[in-house]
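Trainee: Have a look at the structure that comes next, please.
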Amino acid sequence: MIKAEQNKRNPLRILEKSKKGEIGKGNIGVIAARKGVGKTACLVHIATDELFDNKHVIHVSFSADTNHIISWYEDIFEEIAKKFNIKSVMDIHDEIVKNRIIMNFNQDGVKITQISSSIKSLIKDGNFSADTIVIDGFDFNKCTIDDIKTIHSLAEELGLEIWISASLKDENLVFDKNGVPLLLIEFVNEIATLIYMRPENDYIRLQLIKDQDIYPVSDLHLKLDPRSLLIVEAS
Amino acid sequence: MQDKISIIRNIGISAHIDSGKTTLTERILFYCKKIHAIHEVKDKDGKGATMDSMDLERERGITIASAATNVDWKDHSINIIDTPGHVDFTIEVERALRVLDGAILVLCAVGGVQSQSITVDRQLKRYKVPRIAFINKCDRTGANPYKVTKQLREKLGLNAVLLQIPIGLEDKLQGLVDLITLKAVYFDGENGENIRIEEIPSELRAEAEAKHKDLLDAVTMVSDELAEAYLEGNVTEELIHKAIQKATQSLQLVPVAIGSAYKNKGVQVLLDLVIKYLPDPTGVTNIALDLDNNETEIKLISEKDKPTVALAFKLEDGQYGQLSYIRIYQGSLKKGDELYNSRAKKKFKVGRLIRMHADKMEDIASARCGDIVAVFGIDCASGDTFTHPSLNYSMTTMHVPEPVISLAIAPKDLKSSDNMGKALNRFTKEDPTFKTYTDEESGERIISGMGELHLDVYIERMKREYDVIVETGMPQVAYREAITKEVAFDYTHKKQTGGAGQFARIAGKIEPDQEELFTFVNNIKGGVIPTEYIPACEKGFHDCLKKGRLIGFPIVGVKVTLDDGDFHSVDSSSMAFQIAATSAFWQIYSKANPQILEPIMKVVVEGPSEFQGNVFGSINQRRGIIISTTEDDIVCRVEAEVPLSEMFGYSTDLRSMTQGKYEFTMEFLKYSKVPESIAEKIKKEIEEKKKKK
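These protein sequences, in sequence, are chains A and B.
For the first sequence, position 31 matches number 31 in my numbering, and the numbering has no gaps at all.
Quick note: to get my numbering, add 1000 to the position in the second sequence (first position is 1).
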């Protein structure tokens, strides 16, 4: 019931309009936006959606304080509970967070290869069968194409989906003819799905820029409530 | 010198094990002329630091680890209160935190903010203790005080501001630059006792000036007065100190000092900061509860002429009987004064009044508010409040967690048997989380506490301090039972065979309660059960909770609602209703689907990244759930929730699987339902244990 309700309003519904309806195992999806638009909340929604589906999620972050990330999940849960008036949602929360592990890295000191090997070690030694990895706060300015290739091979090798957020600064708000932000042009071949988020008046607009190997010509987008990041209306 | 309250500082030195707390304390005692030579703590890899400092204390005949040591520094009187290092002793740490007004948070310049630094800092935050951070061991390879300051900001969320920068680092550490005075400070002489102030070395000048500006930027953010002076170009050293003092005491800022206690660098400067920035006893608000007035909160006043209020925070067995350490919050205390113990409801006379120094005790005639002293020969427990006989106050009650683990112990010989009672009696008085009782069924003596190490330390202390050798059984986890379903009851207790009859009928429901251990709701209307029998009904149900019938452990989280019943004008009695309640409960207990709960511990494992796979595996094997991992280029920290029953022997396993490079801390988190398969195993084990008896 909760799953069905949550799914109906999840930002990921934008992918229903895409070719596969998902990014697909072994692939990378990127959510790009300026700072403060709601990338983390969007990733937490994606993770929460997977958790509701009894799937296992690794949340990779680059902030030193894990409590901050945990409270994101609590907030999204509370929003969902309020939105759908579900009283028992926190009980479910306690049950399903067991399927979520937060991995925190210092991006200045840790190489992508080390992150990749730590994730593999957690999955293998920690016997944690992850289905999806969300990577938040990743700095595309500091990474190389080899780093993204390493992440892509991790997704392929382990057969899981990886979502990454990309923070765009003002100077990056230049797009190529397909709508790909300048910052990501170098890496776009490794990315299966690219979504761009931008604030518009009283809602957040979610736009599908790249869908597998094509750039959709028609304007595929969703409007999200800026607070809960749940769908306001589909169009 | 003791007349003015403004010269008193009551401070604690809180630290992660091995960050050099003992060495720092030793140096403080030396520079304050309390000891006359410096002895080093031996390399203590693989041993517990608590024991090491005890050993050191014993060997040297001084009281480094005594509850409170008084030293003088530049016309100030500093009471240093010992705060034990390990989380298993949380209650002791927290009790010590209550009596101190400020703290030095010691960090290792290599290890930085480690798991225990986080625990200790959380406790300091809870009691709103202003603190100065001291980044020690700057002489070690890999030392990086800048990285540690960044961690203080990022990991602990503190507004940490560096007051000094090192002149040289690692084995080239020579001294430090004071970023307020912009002078270089060197520590000459065999033991660094001669301070030499010089100009900043030219190669450090630019960096020092930049950091000086950073410092001013940070402090002006929390001080309007300094910000104004800054804009007007009128910044003085005095203004900076004043602003830092105010911001430190209002917990807006944490000044960071650096040095190496081992290499005798930076300790005297740190002591200067203690008297400059940490509050005197008047700078802290202390509250007591008025027991005669519905526990109304009373703000205590640091004036020596007010009626006395003091707290016993630590007990020690001395040569002349029990020594009780007390902090005086209000009024004063003289030899021969009469005081009232509000818990024991007993008056007593103050005999010997003592001030503790590192190497001796000093008999004193009086002490006043703000001070920490010790009294001899008073029968009290740790945490007791002493007041003037005209008051009936208790210092705010602290939450005392229930023990989560127990162990059967038996004395090995007659001598041990004689002394064991004495030792246990003292330990339970000292530490409310350490309990002891005799199991009614087996007749065994049981000790219980907050973790395996907690109990190990008391067994060791029995041996060392009382010459008591005991044999121990297997550790037993403190399971609980809880009902999971709502069930209605309607029970009649009737007995009419000979003598006076018994009659009582009760009806209602029992249901799970997540919030409270036990709730009783009386919904009886129209006097179907007379009011005088209601407490007996409540008692009947409450008594059942002591021992569940699933595995014989206490039952928690039960709400009983009583909404109907019947009585007989002659045959009903309180006894009859109590029996009815007890019988009703057991009749429906199994229908309420009781389940076993087990204590879940929050476990933090920390060490070099190379072994993290083994650590993940070890947590997984122990039914643990990894909550998060944090990794930088050197250290990996894993936070997990693991059932206590699976944690026995973990320290040995962890050592062997990580070549001794990992360490872990563990504290009680919550009770959780045991998975079905494990519950069956527990039931079988307990059955077998019973049969053996």
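For every residue, glycine included, the Cβ atom is placed at its ideal position computed from N, Cα and C.
Since the structure is predicted, the reported quantities are computational estimates derived from the model, not experimental observations.
Does Q1612(B) have its Cβ less than 8 angstroms from a Cβ in chain A?
Mentor: yes
Trainee: Where does I164(A) fall in DSSP's three states?
Mentor: strand
Trainee: Is the beta carbon of Y1479(B) closer than 8 angstroms to that of E1598(B)?
Mentor: Taking 8 angstroms as the Cβ cut-off, E1598(B) and Y1479(B) qualify as a contacting pair.
Trainee: Let me make sure I understand the geometry here. Which of T1665(B), G1383(B), S1417(B) has the alpha-carbon closest to that of A1640(B)?
Mentor: T1665(B)
Trainee: Return the residues of the stretch 1154-1173 of chain B that lie within a Cβ-Cβ distance of less than 8 angstroms from chain A, sorted by chain order.
Mentor: E1154, K1155, G1157
Trainee: Roughly how many angstroms separate the alpha carbons of D1379(B) and I1354(B), rounded to a whole number?
Mentor: CA-to-CA, the gap between D1379(B) and I1354(B) works out to about 16 angstroms.
Trainee: Of all the CB atoms in chain A, is at least one closer than 8 angstroms to the CB of S1448(B)?
Mentor: no
Trainee: Should the stretch 1475-1491 of chain B be called in touch with the stretch 1417-1432 of chain B, which here means at least 3 C-beta pairs below 8 angstroms?
Mentor: Result no; under three Cβ-Cβ pairs closer than 8 angstroms.
Trainee: Closest Cβ-Cβ distance between E1631(B) and chain A: below 8 angstroms?
Mentor: It does: the Cβ of E1631(B) has a partner Cβ on chain A nearer than 8 angstroms.
Trainee: Which whole-angstrom value is the C-beta distance of D1571(B) and Q1502(B), which I expect to be below 8 angstroms?
Mentor: 6 angstroms between Cβ atoms; contact.
Trainee: Using 8 angstroms as the cut-off, can you tell me whether the stretch 1375-1389 of chain B makes contact with the stretch 1319-1339 of chain B, which would need three or more C-beta pairs spanning the two stretches below that distance?
Mentor: Short answer: they touch.
Trainee: For I1682(B), would you say it is in contact with chain A, using Cβ-to-Cβ distances shorter than 8 angstroms as the test?
Mentor: no
Trainee: I need the straight-line Cα distance from C1636(B) to K1004(B), nearest angstrom please.
Mentor: Going from the Cα of C1636(B) to the Cα of K1004(B) covers about 49 angstroms.
Trainee: Compare the C-beta of F1664(B) with all C-beta atoms of chain A and state if any pair is closer than 8 angstroms.
Mentor: no
Trainee: G1607(B) touches chain A at which residues, Cβ-Cβ below 9 angstroms?
Mentor: Per Cβ cutoff of 9 angstroms: no residues; G1607(B) is ~14 angstroms from chain A at best.
Trainee: If distances are taken between C-alpha atoms only, which option among L1156(B), L1179(B), L1158(B) comes closest to P1166(B)?
Mentor: L1179(B)
Trainee: Which residue from K83(A), S121(A), T132(A) puts its Cα closest to that of L43(A)?
Mentor: T132(A)
Trainee: Around the C-beta of G1331(B), are 16 or more other C-beta atoms found within 10 angstroms, so that it is buried, or is it exposed?
Mentor: buried
Trainee: Using a Cβ-Cβ cutoff of less than 6 angstroms, which residues in the same chain neighbour F1694(B) once the five nearest sequence positions on both sides are dropped?
Mentor: Residue 1694(B) lies beyond the residue range present for chain B, which begins at 1001 and ends at 1693; the question has no answer from this structure.
Trainee: Answer with buried or exposed for L1614(B), where buried requires no fewer than 16 other C-beta atoms within 10 angstroms of its C-beta.
Mentor: The sequence given here has Asn at residue 1614(B), not Leu. Counting Cβ neighbours within 10 Å, N1614(B) comes out buried, since at least 16 surround it.
Trainee: Between L51(A), D94(A), D108(A), N141(A), which has its C-alpha nearest F187(A)'s C-alpha?
Mentor: N141(A)
Trainee: Can you find the residues in the same chain that come closer than 6 angstroms, C-beta to C-beta, to Q1612(B), ignoring five residues on each side of it along the sequence?
Mentor: The residues are C1636.
Trainee: Would the beta-carbon of G1607(B) fall within 8 angstroms of that of G126(A)?
Mentor: no
Trainee: With H, G and I counted as helix, E and B as strand and the rest as coil, what does DSSP make of L1204(B)?
Mentor: helix
Trainee: What separation, rounded to the nearest whole angstrom, lies between the Cα atoms of E1676(B) and I1682(B)?
Mentor: 10 angstroms
Trainee: Taking the DSSP output, what are the residues bridged to V1603(B)?
Mentor: When DSSP reads this structure, V1603(B) sits in a beta bridge with A1640(B), M1666(B).
Trainee: Which residue marks the beginning of the alpha helix (DSSP H) containing N1522(B), and which one marks its end?
Mentor: Run containing N1522(B): none in the alpha helix (DSSP H); it sits in the beta strand (DSSP E), 1518-1522.
Trainee: Going by Cα to Cα distance, which pick from K1183(B), I1118(B), S1448(B), G1168(B) is closest to R1153(B)?
Mentor: I1118(B)
Trainee: If you drop the 5 nearest sequence neighbours on each side, which residues of the same chain put their C-beta closer than 7 angstroms to that of R1058(B)?
Mentor: For R1058(B), the predicted structure reports a pLDDT of 44, less than 50, and the residue's modelled location is therefore unreliable. The matter cannot be settled from this model.
Trainee: Flag this pair as touching only if the stretch 164-175 of chain A and the stretch 25-42 of chain A have three or more C-beta atom pairs under 8 angstroms; answer yes or no.
Mentor: For the pair of segments examined, the stretch 164-175 of chain A was found to touch the stretch 25-42 of chain A: the number of CB pairs separated by less than 8 angstroms reaches three.
Trainee: What did DSSP end up calling M1462(B) once you bin it into helix, strand or coil?
Mentor: In this structure, DSSP gives M1462(B) a helical state, which the three-state scheme calls helix.
Trainee: Along the beta strand (DSSP E) that carries P1145(B), what are the first and last residues, could you check?
Mentor: Unbroken run through P1145(B) is the alpha helix (DSSP H), 1145-1154; no beta strand (DSSP E).
Trainee: Please confirm whether V30(A) has its beta-carbon closer than 8 angstroms to some beta-carbon of chain B.
Mentor: no
Trainee: How about C1138(B) and L1173(B): are their beta carbons less than 8 angstroms apart?
Mentor: yes
Trainee: Roughly how many whole angstroms lie between the Cα atoms of I1035(B) and E1026(B)?
Mentor: 8 angstroms
Trainee: Does the distance from the CB of F1518(B) to the CB of V1487(B) come in under 8 angstroms?
Mentor: no
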